[in-house]
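*Asks:* Heads up: the sequence shown begins at 250 in the numbering used here, then just goes up one per residue. A virtual CB, placed ideally from N, CA and C, is assigned to each residue, including glycine.
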Amino acid sequence: MKHIVIIGGGLSGLAAAYELQKTHPNYTWELVEKDEKLGGKFETVKRDGFLIEKGPDSFLARKPAGVGLVKDLGLDDKLIANATGRSYIYHEKALHPIPEGSVMGIPTNKQALLATTLVSEIGKARALQEPTIQPNNKETDQALGDFFEARFGKELVKTIIEPLLSGIYAGDIYKMSLRATFPQFEQTVKKYGNLMDGLKESNMQTTGTKATIGAFRTLEGGLDTLPKAIADALPAENLYTKKQATNIVKKNGTYEISFADGDKKEADGIIIAATHDALIHLLKETTTEPFAGQPLTTLATVSLAYNEVDVPVLPDGTGYLVARTAPYKTTACTWVQKKWPHMVPENKMLLRGFVGKAGESWLEEASDEAIVTAVLKDYAEIMDLHAAPLFYEVSRMKSAMPQYLTGHQNRLNQLKKNMKADYPGVYFAGMSYEGVGIPDCIAGAQTAVTELTDILEEVSND
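1. Among the residues of its own chain, which have a CB less than 7 Å from the CB of Gly447, if the five just before and after it don't count?
2. Roughly how many angstroms separate the alpha carbons of Asn596 and Gly416, rounded to a whole number?
3. For Gly679, I'd like the list of residues in its chain whose CB is within less than 6 Å of its CB, leaving aside the five on either flank, ordered along the chain.
4. Roughly how far, in whole angstroms, is the beta-carbon of Gly674 from the beta-carbon of Tyr504, given that I think they are within contact range, below 8 Å?
5. Helix, strand or coil for Glu388, going by three-state DSSP, please let me know.
6. Distance, Cα to Cα, Ile338 vs Thr580?
7. Going by Cα to Cα distance, which pick from Ala464, Leu600 and Glu411 is closest to Arg311?
8. Distance, Cα to Cα, Asp473 vs Val316?
9. Expressed to the nearest angstrom, what Euclidean distance is found between the alpha-carbon atoms of Leu528 and Ile704?
10. Contact defined as beta carbons within less than 8 Å: I believe Ala518 pairs with Lys271. What is the distance between those atoms, to the nearest angstrom?
11. What first and last residue would you give for the alpha helix (DSSP H) that runs through Met668?
12. To the nearest angstrom, how far is it from the Cα of Pro297 to the Cα of Gln433?
13. On the DSSP letters alone, give me the boundaries of the beta strand (DSSP E) that Gly442 sits inside.
14. Going by Cα to Cα distance, which pick from Cys690, Glu630, Ala549 and Thr537 is closest to Asn662?
15. If you scan the stretch 559 to 630 from start to end, which runs of the beta strand (DSSP E) of 3 or more residues do you find wholly inside it?
16. Does DSSP put His273 in a helix, a strand or coil?
17. Do you know whose CA, among Glu700, Ser351, Ala692 and Met592, lies nearest Lys669's CA?
18. Of the choices Glu379, Glu515 and Lys373, whose alpha-carbon is the least far from that of Asn501?
19. Looking only at its own chain, which residues have a Cβ that is under 8 Å from the Cβ of Thr495, when we skip the five neighbours before and after it?
20. Check whether the Cβ atoms of Leu599 and Phe401 lie closer than 7 Å to each other.
21. Report yes or no: do the stretch 554 to 565 and the stretch 319 to 330 share at least 3 C-beta pairs separated by less than 8 Å?
22. Rounded C-beta distance between Leu612 and Ala549? I'm assuming under 8 Å.
23. Considering Cα atoms alone, identify which of Val319, Phe308, Lys342 and Lys286 is closest to Val571.
24. What would DSSP say about Ile520, mapped onto helix, strand or coil?
25. Can you tell me whether DSSP reads Arg335 as helix, strand or coil?
26. What residues in its chain sit with their C-beta under 8 Å from that of Val624, if we drop five residues either side in the sequence?
27. Got a sec? Which residues, its chain only, sit under 7 Å from Gly542 by beta carbon, not counting five neighbours each side?
28. With a threshold of 16 other CB atoms inside 10 Å of the CB of Ser369, please say whether the residue is buried or exposed.
29. In terms of alpha-carbon separation, which member of Ile347, Leu309, Tyr276 and Gly304 lies closest to Ala203?
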């Protein structure tokens, strides 16, 4: 009977345990988590009738792994779709709607582009040349910003594309990998010759427009219902918290895991379900060298509750984004009462701000009060909001967001080769590798289970 140890009790680790139990009930397994609770970054606070997400607040419905796991857990009747789709970009002291037909800020509707107030007439004229720009068939990876600037010009990238793309990863699009983050755009150019016509032809989902209604899902009662439901579906005696793994070594055809409390465990296979810093901590330096020095950005969310009468009238939509290069601490704000009405009591409002940019470190030392003060300063200008909130909730996630820098796929492929050579039977899953979204993490965990059990079955059959 094979025994597997899963290191990490966030979504990826829990999803791996669930998949393993479902597909290989004849295996034994344990899950170990260094913190006091399972669920990782997921946390829903219920306060004065508000539902406040201090971690992730939703996931994309079009990626099947998320909705698939929810249904498998019997929670599909708890799924809730976002109520409105339009978003705004704060630019030159005003909120401007994202042009209709935009896909991650990339225009597909020429009339909407011509009508937008986000771009100058010169910038529009340059962007409209995109269908005539020859495909850049580079053999190597390139930065997102460079790719889009070559096709649409700098102004459109800086004012529309950058706020949307950098917001997802809290990163610099002039350092982020095109092929590791949005390979579909390069593929669209290769297939159709340009992006504006190709995206329209391929019916790719728009972003931050009216058509984005229903693109996202959350769960009734809060998104932390998901990791809690997975944990509840697993044997409690297999789940360990406050159990920090410190080292992994090969030993007589199996693996020995050492822990901070002096304990040791043996396993036929291991899944390290965490960001790459955990991998670097547990394995040989020569194995994890491809990911050495790859950054993790610290993020914070600030939720501010108000009486509706104390907040200026906001335009119809989900909230707004700000370019990471703009002189503000916040990068986005969600108007929760409009996007997720079920989360906010009647006649109340909830503003959820996002703070944190790649390369900044001030969040790691700042107090909650200092973070809130910085957010309120931005809101005073952007939304003309000067009232004091009824209360606030701050969530700080230190070194939480991986940065998929240019060349990410090459580093990932080399890491996989190193792991296969040095630690056959040890696999990884998590945000650092093949997507940061909830469905990506679930799919990555499921893949890790499949690959590990396939290897163990091969060994058993030899």
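*Replies:* In short:
1. Thr437, Val438, Lys440 and Tyr441
2. 29 Å
3. Ser261, Ala522, Ala523 and Thr524
4. 7 Å
5. coil
6. 10 Å
7. Ala464
8. 15 Å
9. 20 Å
10. Just to set this straight, residue 518 is Gly in the shown sequence, not Ala. No, Gly518 and Lys271 are not in contact; Cβ-Cβ is about 16 Å, not under 8 Å.
11. His657 to Asp671
12. It is Asp, not Pro, that sits at residue 297 in the sequence shown. Straight-line Cα distance between these residues: approximately 43 Å.
13. Premise fails: Gly442 is in no beta strand (DSSP E) and is neither H nor E.
14. Thr537
15. 568 to 570, 579 to 584 and 597 to 604
16. coil
17. Glu700
18. Glu515
19. Ser507, Phe508, Ala509, His530 and Leu531
20. no
21. no
22. 5 Å
23. Lys342
24. strand
25. coil
26. Val551, Leu553, Lys578, Thr579, Gly602 and Val604
27. none
28. exposed
29. Because the chain in this structure spans residues 250 to 711, residue 203 falls outside the shown range and cannot be described.
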